[in-house]
């Protein structure tokens, strides 16, 4: 359940090519497997717990990442983001939707985001 949080944070970090190139080699699988870290990141981005420096950065870029379906991401970052979002969804569908609703409450780009998750484009 917590693994999806770490996935989400990795996605956010991975999507901002200008500011987060250091995450190009991010190991999404290791985060998805660590329930404790995933939950901590989830609580951070959902304003339910404290944030680390990385957590604050994730939280900052998450709205754009979700509402644009990772439009500014490099191809490598898109792979990581997609993997993380799909991992989060697999770990906890309710938390996945809670996250989407928080950062895209109007569902402006939800269809494009789901298309991105299916196709990777």
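Numbering (mature numbering (1 follows the signal peptide of the UniProt record, and there is no 0)), first residue to last: -17 to -1, 1 to 104.
Just so it is clear, CB atoms sit at the ideal spot from N, CA and C, and this is done for glycine as well.
Here the structure is a predicted model, which is why all the values come from computation and not from measurement.
Proximity to residue i [Cα-Cα], best of the options
{"i": "residue 72", "options": "101, 89, 90", "result": "101"}
{"i": "residue 28", "options": "56, 43, 64", "result": "43"}
{"i": "residue 45", "options": "17, 32, 75, 85", "result": "85"}
{"i": "residue 18", "options": "99, 63, 74", "result": "74"}
{"i": "residue 13", "options": "76, 63, 99, 104", "result": "63"}
Contact check, residue i vs residue j, beta carbons under 8 Å
{"i": "residue 11", "j": "residue 61", "result": "no"}
{"i": "residue 78", "j": "residue 24", "result": "no"}
{"i": "residue 96", "j": "residue 52", "result": "yes"}
Whole-Å CB distance - residue i paired with residue j, under 8 Å assumed
{"i": "residue 87", "j": "residue 50", "result": "5 Å"}
{"i": "residue 70", "j": "residue 20", "result": "About 13 Å; that fails the 8 Å criterion."}
Pair every Cβ in the region 88 to 95 with every Cβ in the region 28 to 48, then say whether three or more of these pairs are closer than 8 Å.
-> no
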